[in-house]
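Since the structure comes first, as structure tokens, the remarks are kept for the end.
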Ligand SMILES: C[S@@+](CC[C@H](N)C(=O)[O-])C[C@H]1O[C@@H](n2cnc3c(N)ncnc32)[C@H](O)[C@@H]1O
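Numbering (my numbering), first residue to last: 6 to 218.
This is the structure in structure tokens:
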């Protein structure tokens, strides 16, 4: 069912974390974000969801007639995704830093609330996204925003551990690199993608970009 397994450091951490919280996570993530829905409204043909989680955005994309593909590190979340999407999506267990697709495979990519879980090589993951996008293809990337004042961090700190409180009382730690909006735009630019728009919405920073020659 899930054709490839890439087990590197970040992906191992992600699968340990998200496998452990998958069931509870799914209960709390039922609705697509409206910023993502707005992006999907502009999309046609094929869409890849990098870090598809429980499939809430893939489901929305399917309902809009797109041909959908999802990759994620968590086998438990991929199982949940598969139940929701039936066989209407191609799901692959893979690392966002090593996408198992040919160059120029997709018209659109969403990469939502996932890049901030990578401890390193975040630009490499964006380079991978650029590689598998078609020329003229568009991507929407999002991260939790460092600009919020809710974080218990020194001014120059951006990395933190955020606990997930499971229903059975167990606490699971999640790693976050909290992006500044300018920094996220800059990383997208470094990958070779052309930034179209960068904006903040409801605690998240978003960058919309395009693959140009
Ligand atoms: C906060 S969830 C967001 C899920 C989905 N994008 C959404 O908006 O509901 C982060 C997802 O990224 C996945 N993930 C984290 N690091 C990853 C990596 N290196 N490769 C693939 N997936 C990863 C996790 O397993 C999890 O499903």
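All residues carry an ideal CB built from backbone N, CA and C; glycine is no exception.
What does the alpha-carbon distance come out to for the pair residue 76 and residue 21?
Counted from its first residue, the chain shown places residue 76 at position 71. Counted from its first residue, the chain shown places residue 21 at position 16. Taking the straight line from one Cα to the other gives about 16 Å.
Specify whether the segment 164-179 and the segment 22-31 touch according to this definition: at least 3 beta carbon pairs, one from each stretch, less than 8 Å apart.
yes
Using the Cα positions of residue 60 and residue 91, report the straight-line distance between them to the nearest angstrom.
In the chain shown, residue 60 corresponds to position 55, counting from 1. In the chain shown, residue 91 corresponds to position 86, counting from 1. Their Cα atoms are separated by approximately 11 Å.
Cβ of residue 57 within 7 Å of any heavy atom in ligand 1?
On the chain shown, residue 57 is found 52 positions in, with the first residue counted as 1. Within the cutoff, so yes.
When you compare the segment 145-153 with the segment 172-179, are there three or more beta-carbon pairs, one atom per stretch, that lie closer than 8 Å?
no
Distance between residue 104 and residue 214 (C-alpha atoms, nearest Å):
Residue numbering aside, residue 214 sits at position 209 when the chain shown is read from its first letter. Residue numbering aside, residue 104 sits at position 99 when the chain shown is read from its first letter. Their Cα atoms are separated by approximately 18 Å.
Beta carbon of residue 186 nearer than 8 Å to that of residue 205:
As a working mapping, residue 186 is identified with position 181 in the chain shown. As a working mapping, residue 205 is identified with position 200 in the chain shown. It is a contact, given that the beta carbons lie within the stated cut-off.
Any idea which residues DSSP pairs residue 51 with across the strands?
Taking the first residue of the chain shown as position 1, residue 51 is located at position 46. Looking at the DSSP assignment, residue 51 forms a beta bridge with 72.
Between which two residues does the beta strand (DSSP E) holding residue 88 run?
Mapped onto the chain shown, residue 88 falls at position 83. Here residue 88 belongs to no beta strand (DSSP E); instead the alpha helix (DSSP H) covers 80-90.
Any non-hydrogen atom of ligand 1 closer than 7 Å to residue 100 Cβ:
The residue you call residue 100 lines up with position 95 of the chain shown. Yes, ligand 1 has a heavy atom inside 7 Å of this Cβ.
Look at the alpha carbon of residue 118 and the alpha carbon of residue 107, and state the distance between them as a whole number of angstroms.
Position 113 of the chain shown, counting from 1, holds the residue named residue 118. Position 102 of the chain shown, counting from 1, holds the residue named residue 107. Going from the Cα of residue 118 to the Cα of residue 107 covers about 24 Å.
When DSSP builds the beta bridges, which residues end up paired with residue 205?
Working through the chain shown from its first residue, we reach residue 205 at position 200. Answer is 210.
From 134, 85, 53 and 210, pick the residue whose C-alpha is nearest to that of residue 196; which is it?
Position 191 of the chain shown, counting from 1, holds the residue named residue 196. For residue 196, the nearest C-alpha among the options comes from 134.
Applying the 10 Å Cβ sphere with the 16-neighbour rule, what's the burial state of residue 158?
Position 153 of the chain shown holds residue 158. Per the 10 Å Cβ criterion, exposed.
Buried or exposed for residue 109, going by 16 or more other Cβ atoms inside 10 Å?
Working through the chain shown from its first residue, we reach residue 109 at position 104. Counting Cβ neighbours within 10 Å, residue 109 comes out exposed, since fewer than 16 surround it.
Considering Cα atoms alone, identify which of 31, 29 and 71 is closest to residue 115.
Reading the chain shown from its first residue, position 110 is the one you call residue 115. Measuring from the Cα of residue 115, the nearest candidate turns out to be 71.
For a test of your reading of the model: does the CB of residue 158 fall under 7 Å from any non-hydrogen atom of ligand 1? Yes or no.
Here residue 158 refers to the residue found at position 153 when the chain shown is read from its first residue. No, the beta carbon of residue 158 sits no closer than 7 Å to any heavy atom of ligand 1.
Which parts of the segment 121-208 are runs of the alpha helix (DSSP H), unbroken and 4 residues or longer, counting only runs that do not cross its ends?
127-137 and 186-195
Does the beta-carbon distance from residue 151 to residue 192 come in below 8 Å?
By one-based count along the chain shown, residue 151 stands at place 146. By one-based count along the chain shown, residue 192 stands at place 187. The answer is no: Cβ separation not under 8 Å.
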